[in-house]
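Inspection log for the structure reproduced underneath, given as structure tokens.
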Amino acid sequence: MLALTELGQRLRQERESKGLSLEDLQKLTKIQKRYLLGIEEGNYEVMPGKFYVRAFIKQYCEAIGLDTDAIFEEYKSDIPSTQTEDMPQQLSRVRSRKEIPQHTKGVSKAYDYLPTVLVVAGVVVVGIIIWVIAQNIVSDKNKEQANQEAPNSEVQQSNTQEETNETTAKNDNSKSEDEQSAADKKEKEKAEKEKAAKEKAEKEKAEKEKKDSGKQEYKEVQKTGRSATYALSGTDAFNLEVTSTQADTWLDVKNGKGNAFFSSILKKGETKEFDLTKETEARVNIGYSPGVELKVNGKAVDLPFDSSKQVRQVVTIQYQPAEAQ
């Protein structure tokens, strides 16, 4: 096993601190596991080319939330520079006519007869198909004639049996109609009660959210680097919703004391909800922000930075309940 470079050791420690395996990182970055292992071990010979070394290291850093520019500057001695790889001198493998062995001439003559052979074979195949179709037509006509000559008694017997079955079914249905009617009535009453209770609960919830939304304030306090702080006030609830719409991303949600509510990969199309009403502060660390949506108490809020320019973003929300104001 190769000795780890300083860069490789730093990346591996950061990955393991986030609880990510190489398989998890492979899913997140779409880079094969053997290339990720090569980066950690400093074994760049396994890469498909020198250009991919820097590109893969950049994706690795972004996936685990590291500053790519800072890493490239700090460990520039461990990262090879991009150079144009030597192109093969001999690209053509076409052999000249003089190099073609003489014995291939006999094969060429055999190919001259190939069109004639194919035509004959095609005629034979078409003839076989026509013969099979003709046999099927004759067989179908014979079956149709036999069916027309069947005795009418079989039809009459079938009709009598159908009438008997219908009479029996009607009698059975009349016996169970009363029981079914009572059961349906009871089920209908139950469904109506459940519907009324649900509508009442939804109405109360909507009224409360409407009341809170009129008072709720979400204001920016400060911005620095890739981090921003906001103040949430005028509400008795603090519910956070995070959704990733474009790609898998690393998500870390902690309270002001550093206790983690979630620290793992948020998959594409997945939504995580957090009830933080009892907390005074929440810190949201987003590893890959493009396509990530935040909602506070059901209301969408913008990310502090342009995701195309700042991939990793950290949002801190300071919460002050309305009753404490």
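Quick note, the sequence shown lines up with residues 0 to 324 if you use numbering that gives the first Met the number 0.
By construction, the Cβ of each residue, glycine as well, lies at the ideal position given by its N, Cα and C atoms.
Just so it is clear, the structure is predicted and the values come from calculations on it, not from any experiment.
- Here DSSP, grouped into helix, strand and coil, assigns residue 43 to helix.
- Distances from the CA of residue 303 to each of 227, 187 and 322 were compared; the closest alpha carbon is that of 227.
- Nearest Cα to residue 295 within the set 40, 277, 240 and 201: 240.
- By a beta-carbon distance limit of 8 Å, residue 77 contacts residue 6. Their separation comes to about 4 Å.
- Assigned with DSSP and collapsed to three states, residue 6 falls in helix.
- Taken through DSSP and simplified to helix, strand or coil, residue 50 comes out as helix.
- Between the region 18 to 27 and the region 251 to 258 there are fewer than three C-beta pairs closer than 8 Å, too few to call the two in contact.
- Within 10 angstroms of the beta-carbon of residue 135 lie fewer than 16 other beta-carbons, which makes it exposed.
- Less than 8 Å separates the beta-carbon of residue 33 from that of residue 45.
- Excluding its 5 nearest sequence neighbours in each direction, residue 288 has C-beta neighbours in its own chain below 8 Å: 248, 302, 304, 306, 309, 310, 311 and 312, listed in chain order.
- In terms of Cα proximity to residue 234, the closest of 129, 277, 268 and 224 is 277.
- Distance between residue 30 and residue 36, taken at the CA atoms: about 10 Å.
- Boundaries of the alpha helix (DSSP H) around residue 22: 21 to 28.
- In the structure shown, residue 296 adopts coil according to DSSP, grouped into three states.
- Residue pairing for residue 274: DSSP places it in a beta bridge opposite 238.
- Rounded to whole angstroms, the gap between the alpha carbons of residue 225 and residue 292 is 17 Å.
- Between residue 314 and residue 229 the beta-carbon gap is near 7 Å, inside 8 Å, which marks them as a contact.
- If you check the CB distance, residue 27 and residue 285 do not come in under 8 Å.
- Contact between residue 10 and residue 43 does not hold, since the beta-carbon distance rounds to 13 Å and is not under 8 Å.
- Looking at the backbone, the Cα of residue 192 and that of residue 206 are separated by about 21 Å.
- For residue 12 and residue 39, the gap between their C-alpha atoms comes out near 10 Å.
- Between the C-alpha atoms of residue 216 and residue 231 there is a straight-line separation of about 6 Å.
- Counting of Cβ neighbours within 10 angstroms places residue 275 among the buried residues, the total reaching 16 or more.
- A check of alpha carbon separations from residue 48 across 24, 79 and 269 identifies 79 as the nearest.
- Less than 8 Å separates the beta-carbon of residue 14 from that of residue 63.
- Secondary structure note for residue 260: its beta strand (DSSP E) is the uninterrupted segment 259 to 265.
- According to DSSP, residue 231 shares a beta bridge with 217 and 318.
- With contacts defined as CB atoms closer than 8 Å, residue 238 and residue 269 fail to qualify as a contacting pair.
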